[in-house]
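> Residue numbers (this note's numbering): 348 to 517.
Just so you know, even glycine gets a beta-carbon here, dropped at the ideal spot from N, CA and C.
Below is one structure. I have some questions about it.
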Ligand SMILES: CC(C)(COP(=O)(O)OP(=O)(O)OC[C@H]1O[C@@H](n2cnc3c(N)ncnc32)[C@H](O)[C@@H]1OP(=O)(O)O)[C@@H](O)C(=O)NCCC(=O)NCCS
C-alpha cells in the first residue's frame, strides 16, 4: 500500500514516504537525533554526539539554513537528512534512520532525494563527512557512486573522519 500525504510527498515503498521537512517536524526530528546519536556512546566523542543532538529550537534554526528531508510512516518521522548548499556544492548532513526501521531502504531513499535536490539546484557535487565505522551509511554512498575523497585524522574531538563526494557536473 502506498501512502501519499500531500503534494510534495513521494511514495517510496509500501511502508514509508519521503517529503520535505516542515517546521512542525522539528520536535520529532530533534527526538530522533537524540535517540540515534545516543546509540554511539562508546564510539563517538561526547562533544560530537551532542553537536548532532539539537534541541527543538536549535532544530528550527538548522531548518532555516538547510533543507531537511524526512521519511515518514504515517505521522511518525522515522528518518531524516539535511542538504546544505554552499560554494556551488551540496553537503549531505546529519542522516539518521530510527533503529527499529533500518534495513527497509529508508536511508537509500533519503540519499536519492538529496541527489535529486542537489541536481535541481545545479550543485557541482554532493559531499559529506562520516566516520570510518559508519559502514551502513558508507555502503549506501558507494551504491550511488560516491567515492572516498579525503581522510582527516582526529578531526572531530579526536575522531578520524572520512570525506566522500559524488560529482554531478562534467
Ligand atoms: C546509515 C543509516 C541512515 C541507513 O539507514 P537504512 O534505512 O537502514 O538504510 P537502507 O535500508 O537503505 O540501507 C542499509 C544498507 O546498509 C547495508 N548494511 C547493513 N549492515 C551493514 C554493514 N555492517 N556493513 C556494510 N553495509 C551494511 C545493507 O546491506 C543496506 O544496503 P543494501 O540496501 O544495498 O543492501 C542508518 O543505519 C542509521 O541511521 N545509522 C546511524 C546513523 C548514521 O550512520 N548516519 C550516517 C552518518 S554519515
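Could you name the residues of the same chain whose beta carbon sits closer than 6 Å to that of residue 512, not counting the 5 residues immediately before and after it, in chain order?
472, 474 and 496.
> Work out the CA separation of residue 517 and residue 406 for me, nearest whole Å.
Answer to the nearest angstrom: the Cα atoms are 35 Å apart.
> CA-CA distance, residue 501 and residue 483?
Looking at the two C-alpha atoms, the distance is approximately 22 Å.
> Taking 8 Å as the threshold (C-beta atoms), are residue 415 and residue 376 in contact?
Their beta carbons are under 8 Å apart, which means residue 376 touches residue 415 by this criterion.
> With DSSP run on the structure shown, which of helix, strand or coil describes residue 414?
In this structure, residue 414 counts as strand in the three-state DSSP scheme.
> Hey, is residue 515 close to ligand 1, as in C-beta under 7 Å from one of its heavy atoms?
Answer for residue 515: no, Cβ out of range of ligand 1.
> So residue 362 and residue 451 are in contact, right, with Cβ under 8 Å, and what is the actual spacing, rounded?
Right, the Cβ-Cβ distance comes to about 6 Å (below 8 Å), so this counts as a contact.
> So within the segment 387–460, which uninterrupted alpha helix (DSSP H) runs reach at least 4 residues, ignoring any that extend past its ends?
Entirely contained in the segment 387–460, the alpha helix (DSSP H) runs reaching 4 residues are, in chain order, 393–398 and 403–412.
> At a cut of 8 Å, does the segment 389–396 reach the segment 427–440 through at least three beta carbon pairs?
No: fewer than three Cβ pairs fall under 8 Å.
> Quick one: residues in its chain with C-beta nearer than 7 Å to the C-beta of residue 468, no 5 flanking neighbours on either side, listed in chain order?
If we look at residue 468 and ignore the five residues flanking it on each side, its Cβ neighbours are 432 and 437.
> Would you mind stating whether residue 424 and residue 372 have Cβ atoms separated by less than 8 Å?
Yes, these two residues count as a Cβ contact at 8 Å.
> Considering only residues of the same chain and omitting the five flanking positions on each side of residue 395, which have a CB-CB separation below 7 Å?
If we look at residue 395 and ignore the five residues flanking it on each side, its Cβ neighbours are 503, 504 and 506.
> Tell me the DSSP secondary structure of residue 369 in three-state form.
Residue state, collapsed to three classes: coil.
> Find out if the Cβ-Cβ distance for the pair residue 429, residue 417 is shorter than 8 Å.
It is not a contact, given that the beta carbons lie outside the stated cut-off.
> What does residue 472 pair with, by DSSP beta-bridge criteria?
Its beta-bridge partners are 436 and 514.
> When you compare each of 443, 514 and 419 to residue 465 by their alpha carbons, which one comes out closest?
Checking every option, the nearest Cα to that of residue 465 belongs to 514.
> Alpha carbon to alpha carbon, how far is residue 401 from residue 385?
Their backbone Cα atoms lie some 12 Å apart in a straight line.
> Can you list, in chain order, the residues of its chain with a C-beta nearer than 7 Å to that of residue 374? Leave out the 5 residues immediately preceding and following it.
Closer than 7 Å at the Cβ level, and outside the excluded window around residue 374, lie 403.
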